Structure formats: C-alpha cells, structure tokens
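Just so you know, the sequence shown maps onto residues 463 to 728 in this note's numbering.
Backbone N, C-alpha and C fix where the C-beta goes; we use that ideal spot for every residue, glycine too.
Source: prediction; values computed, not measured.
Everything on this sheet refers to the single structure shown next.
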Amino acid sequence: MTAAAAPPSAPSDLLRLETSGAVLHIRLTRPAKRNAINDPLVAALHTAFVNLPAEVRAVVLSGEGEHFCAGLDLSELQERDVAESIIHSRNWHAAFDAIQFGRAPVIAVLHGAVVGGGLELAAAAHIRIAERSAYYGLPEGTRGIFVGGGGSARIPRLIGTARMADMMLTGRVHDAEEGQRIGLTQYLVEEGAGLAKAFELAGRVATNAPLSNFAILQALPRIAEMAPGEGLFVESLMSAIASGDPAAKSRIRDFLAGKAAKVQKS
Ligand code: 1HE
C-alpha cells in the first residue's frame, strides 16, 4: 500500500487516505471524539471526494476506533445562529453529494455507533457493509435538532419515511441485524470482517466498464426519482450510450466467445 498525498485541506489527524491499486481507502481518524464530524472534517471529506485521483475506481470509507461515526460534533452547535446553521447544513450537503455523485463507487464499512450525521454520511455511500457491532440511531429528535446532512432525503429512500420518523421521534436504535433487514445495509459480516469484504467488493467494482459504473452512480438514482415515462426515456438513452461503448462491445464479444465469466449462483 502506498500512502496517497493528502490534499492540503484534508488534515491527516481527521482523515487518512491510502491507495491500494485502484482502490482508495478513506478513514475517519478522530476516534477520541468517536469520529464526530466537525467543520474541518466536513471540508476534508469534500476535498477528498472532489479530488479523487484519476486512477481511483472505487473508494472504501471506514472509521477508526470503536465506532464508525458519532455524527455532528455537538460542541460546535452552540456557537451558530440560524443563518450560519443553514450554511453549515449546505456544506454537509455539498460534501455528501460529492460522495454520492462522485467519480467512484463508495463502499462504507460500519461498526459501533452509526448515529445522526454518521448515518447520514453512511447513507451517501453506494454500498454499506455492517459488522455485528453496528447500531443506528437518529438522536436529533431527542437533542432538539433535525437532520442536516441529507438524512431526510436519503434515509427514507433506504428504509421508508415511517421508520425514519420512528427513529427520530422515539430515539429507537436499530442493531446490525435489524439494519440489514430493513435495508440500511446490503451486507452483514462478522466483527472485524468488514474491511476485507469491502476491499473484495471494491476490487470487483473497479473492474467494471467505467461507463457502466458512471451510469449506475449518475443515471440510476436520477431515473429512480423520475416519473416512469421520463425515466424510461432517459434509461433508453443511457443504455444506448453504455452499450455503444467499445468496452461493452469487447466484453460482450468475450462472453459470446466463451472467454468471460458466467453468472454464478452464490
Ligand atoms: C462527541 C460526540 C459528538 C462523542 N460531538 N463530541 N450525535 C449524538 O448525539 C451522539 C453522541 N455520542 C454518543 O452518544 C456517544 O459518544 C457514542 C455512543 C457515540 C459513543 O459512546 P462512548 O462511551 O464510546 O464514548 P463517549 O465517552 O460518550 O465519548 C468519547 C468522547 O467523544 C467524549 O469527549 P471527552 O472529551 O469527554 O473524551 C465525548 O464528548 C465525545 N463525543 N460523540 C462531540 N457527537 C448535520 S446535522 C447532524 C445532526 C447530528 O448528527 S445529531 C447527533 C449527534
């Protein structure tokens, strides 16, 4: 593994970036504060995701220490007025949009607390892997605040509005098994096995044709939000663009010549 140079505004005490081939590992490194997200950490995440090196084809996102992320750094909250709070929330949106709509698929490894803004961060990733210790909460309701990191747009799309409202109103916490069952995560693995699973998946994702990954990241979520008529039309365009690409043609030729892997029962 070679350490990638951290961009100037990605202080190494908050975020560690390490590349391994086509996979970039981005680690939250503020374990003493349970990886709580303060302004410099939001800025560091934003910078890291808008500056993904050209050779990076997949990103693994994880948190150091006992917890993935304790959400918003609550010590910062007391100092903001209303206007500053709006700008603060919009900064989170910009950073997490850079994750969701960036150049590379992002695989998050979740363990321990995945709460508040930590769950909002996880929801911006494309694939979420939970270790058994993971638990999910939205304590905003009980802290007298509201989600501000895109949670109200992204989390209902994973688990439904009613489940999110329950979490916020009652402080209900879901464990890793429940999280998997209700759709917060796509994979559930044993404790300590999350990173290996993430790198295995990242390795696979990185071998896809770039235009397929582009369509999955950029077109799929937008089509899913469109009315079916418009969505189907955009799908036909994206499909034609992807299948017209030389990468698609050579992969299909390989399959027809018996040189590409078959779909295997898992
Ligand atoms: C923090 C934070 C934080 C820990 N902001 N400093 N998020 C929350 O409401 C979750 C608040 N945190 C917790 O419930 C617990 O800390 C945990 C369950 C995550 C972890 O518990 P534990 O026993 O491992 O750690 P701890 O002893 O509570 O915390 C260790 C230190 O981290 C301690 O500081 P210290 O100086 O006394 O050592 C804590 O104060 C500090 N710490 N979490 C600031 N969140 C865009 S809007 C998003 C809105 C939200 O995210 S609201 C939800 C906020």
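Taking a C-beta distance under 9 Å as the contact criterion, E538 and N500 qualify as a contact pair.
V544: member of the alpha helix (DSSP H) spanning 544-562, first to last residue. D475 sits in coil when the DSSP states are folded into three classes, being neither helix nor strand. In the structure shown, T623 falls within a helical segment according to DSSP collapsed to helix, strand and coil.
Between I589 and G656, the beta carbon gap of about 11 Å keeps them out of contact (Cβ cut-off 8 Å). Distances between the C-beta of H508 and the heavy atoms of the ligand 1HE are all 8 Å or more. Remark: the shortest separation between the CB of S551 and any heavy atom of the ligand 1HE falls under 8 Å.
Close CB contacts of A722 within its chain, under the 8 Å cut and outside five residues either way in sequence, are with R713, D716 (chain order). Judged by DSSP secondary structure, R666 falls within the alpha helix (DSSP H) whose first and last residues are 656-667. Listed in chain order, the non-local C-beta contacts of L486 below 6 Å within the same chain comprise V518, V521, local neighbours out to five positions each way being set aside. A residue is called buried when at least 16 other Cβ atoms come within 10 angstroms of its Cβ; T647 meets this threshold and is buried. Around the beta carbon of K659, a 10 Å sphere encloses 16 or more other beta carbons of the protein chains shown; the residue is thus reported as buried.
Looking at the DSSP output, I591 shares a beta bridge with V571, Y649.
By the neighbour-count criterion, in which a residue is buried when 16 or more other Cβ atoms sit within 10 angstroms of its Cβ, F563 is exposed.
CA-CA distance, L581 to A484, rounds to 26 Å. Not one heavy atom of the ligand 1HE is found less than 8 Å from the C-beta of S524. When C-alpha distances from T491 are compared across L523, E602, A671, the shortest belongs to L523. In its chain, beyond the 5 residues on either side, A498, I499, V577, G578, G579, G580 have a beta carbon closer than 7 Å to the beta carbon of G533. Residue range 520-525 is occupied by the beta strand (DSSP E) that includes S524. Leaving aside the five residues that flank L631 on each side, the residues in its chain whose CB is nearer than 6 Å to its CB run, in chain order, G603.
In the assembly as shown, E593 is a buried residue. Its beta-carbon has 16 or more other beta-carbons within 10 Å. For V485, the uninterrupted beta strand (DSSP E) run begins and ends at 485-490, by DSSP. With a contact defined as Cβ atoms closer than 8 Å, R616 and A586 qualify at about 6 Å. Between A702 and A671, the CB-CB gap reaches or exceeds 9 Å.
The three-state secondary structure of V577, taken from DSSP, is strand.
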